[in-house]
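Inspection log for the structure reproduced underneath, given as structure tokens.
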Amino acid sequence: MDDAGWMAMGFPPKTLYYVDYYGGVNEPASKDRPIAKVFVHADVFKKLAADNLPKMSRPMMAFLAAEIPCQILAVSYPDWKDAEGVEPRSPLAAFLKRINRIQPCTLPQLKQLVDQPGMPRLKAILHADQQTVRQVAEV
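Counting in my numbering, the sequence shown runs from -19 upward without gaps.
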């Protein structure tokens, strides 16, 4: 989205990204029913999509790949905070699987991570999963 699009949505120009959550994070995944739509600034998207800039794009893509799931988990939390279990074929199950690659995490533990203001531990886990520090350090 370009600056005019961001401003039309009530955001300042040069907004990096926005997650529009639709629902269904703890329901079986379906290609016909997305759970969210992610908007990225057009200038950033152009740079990330350029084939000749892989060193520059890797750190930003790692950053976004960690931050966007955090946003989805935060905005979807009211949908699953009272759940006693995770639907095995749901996006929430996929998020938990991803987190478990870094450290063991159950649904109650994920709820605690999302309950923390700013979600610092959840962000740290997802950035570790994406190897964000390594991506930045190798540029």
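C-beta atoms are modelled at their ideal positions from N, C-alpha and C, and glycine is treated no differently.
Beta-carbon gap between residue i and residue j smaller than 9 Å
i    : j   : result
L102 : V94 : yes
Q15  : Y1  : The amino acid at residue 15 is misidentified as Gln; the sequence shows Ile. Yes, they are a contact pair.
N6   : E67 : yes
K27  : M40 : yes
L106 : P49 : yes
Supposed contact pair residue j and residue i - C-beta distance, whole angstroms, cut 8 Å
i   : j      : result
P8  : R69    : 4 Å
I82 : A54    : Contact flag wrong, Cβ pair sits at about 18 Å.
V18 : V(-1)  : 5 Å
A42 : M(-19) : The Cβ separation is near 21 Å, so there is no contact.
Separation of residue j from residue i, as counted between CA atoms
i      : j    : result
V20    : L76  : 25 Å
G(-10) : D62  : 32 Å
K35    : A117 : 11 Å
Residue span of the beta strand (DSSP E) that contains residue i, given as start and end
i   : result
F19 : A16 to V20
Start and end residues, alpha helix (DSSP H) containing residue i
i    : result
V116 : T112 to A117
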